[in-house]
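> Residues in the sequence shown are numbered consecutively from 66, following this note's numbering.
The C-beta atom is built at its ideal place from N, Cα and C for all residues, glycine as well.
This is the structure, below, for whatever I ask next.
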Amino acid sequence: MDQTKLPNDCEVRLIPDFLNKEQADRLYRLLKEKLCLHKQEMVLPGGEIHTLDTPKTMFTDPELFDSDELREAFGERLAWFPELYSVRQQLQETTQRQFQVCVGIYYRDGSNGVDYHSDLRAFGDTSCIPSLSLGATRTFSLRNIEHPEQQYDLQLCHGDLVIMGENCQERYTHALLPDNSIQQDRINLTFRGYGN
66 MDQTKLPNDC
76 EVRLIPDFLN
86 KEQADRLYRL
96 LKEKLCLHKQ
106 EMVLPGGEIH
116 TLDTPKTMFT
126 DPELFDSDEL
136 REAFGERLAW
146 FPELYSVRQQ
156 LQETTQRQFQ
166 VCVGIYYRDG
176 SNGVDYHSDL
186 RAFGDTSCIP
196 SLSLGATRTF
206 SLRNIEHPEQ
216 QYDLQLCHGD
226 LVIMGENCQE
236 RYTHALLPDN
246 SIQQDRINLT
256 FRGYGN
């Protein structure tokens, strides 16, 4: 376990092999059967259509799945399946937090990425956001908002977990920048609390 306090009082925790290879391989295979793997079109409030190159699928608790609280703009909605539910339980024990939502994002190869951003409070509290990496190894970058020259890179491998903790969303942005040398796909699972 590697816990790091970045400048500006930001906590980031990396847990290599949070899932062992067998667990990570199985979850990866199951997710490839369930996730949306093609470009998605989202209708934004106001009617504008936006195409996502990195499709999203959201897994939620039953009460959220059955309600209209989470807009389709956040991605296709599915119920938890047993193996993902088990990972959620393991994460809740590790973090002592509750997670009602998991957003799965599919990156077909290194040409897909996401630019620097902070996670919004769209679902709830952002002081603890675990992110599980499956598939290709990619570079996860964190950049200080006040001092953009301060950048920190983590190599996230198959089964690795990074937990963005206190002040991470307020004082840093993070990215998974494109890398055309990578030919393999990757799945990222981000777990969020809802409504707290």
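(1) Suppose you measure from the CA of Met66 to the CA of Ile228; what does that come to, to the nearest Å?
(2) Given 8 Å as the limit, is there contact between the stretch 174-189 and the stretch 231-251, that is, 3 or more CB pairs closer than that?
(3) Nearest by alpha-carbon distance to Pro81: which of Thr191, Arg251, Glu231 and Thr202 is it?
(4) Going by C-alpha to C-alpha distance, which of Phe124, Pro120 and Tyr237 sits closest to Phe188?
(5) Please look up how many angstroms separate the CB atoms of Ile252 and Tyr93, rounded, as I've assumed it's under 8 Å.
(6) Once you ignore the five residues that flank Val179 on each side, which residues in its own chain have a CB closer than 7 Å to its CB?
(7) Excluding the 5 residues flanking Cys167 on each side, which residues of the same chain have their C-beta closer than 6 Å to its C-beta?
In terms of the structure at hand:
(1) If you number the sequence shown from 1, residue 66 lands on position 1. If you number the sequence shown from 1, residue 228 lands on position 163. For Met66, the pLDDT reaches just 40, beneath the cut-off of 50, and the residue's location in the model is therefore unreliable, although a value from the coordinates is still provided. So the two alpha carbons sit approximately 11 Å from each other.
(2) yes
(3) The residue given as residue 81 occupies position 16 in the sequence shown. When the alpha-carbon of Pro81 is set against those of Thr191, Arg251, Glu231 and Thr202, the nearest one is in Thr202.
(4) In the sequence shown, the residue the question calls residue 188 occupies position 123. Answer by Cα proximity: Phe124.
(5) Indexing the sequence shown from 1 puts residue 252 at position 187. Indexing the sequence shown from 1 puts residue 93 at position 28. Right, their Cβ atoms sit about 6 Å apart.
(6) Working through the sequence shown from its first residue, we reach residue 179 at position 114. Around Val179: Thr119, Ala240 and Leu241.
(7) The residue given as residue 167 occupies position 102 in the sequence shown. Hits under 6 Å: Phe124, Leu254 and Phe256.
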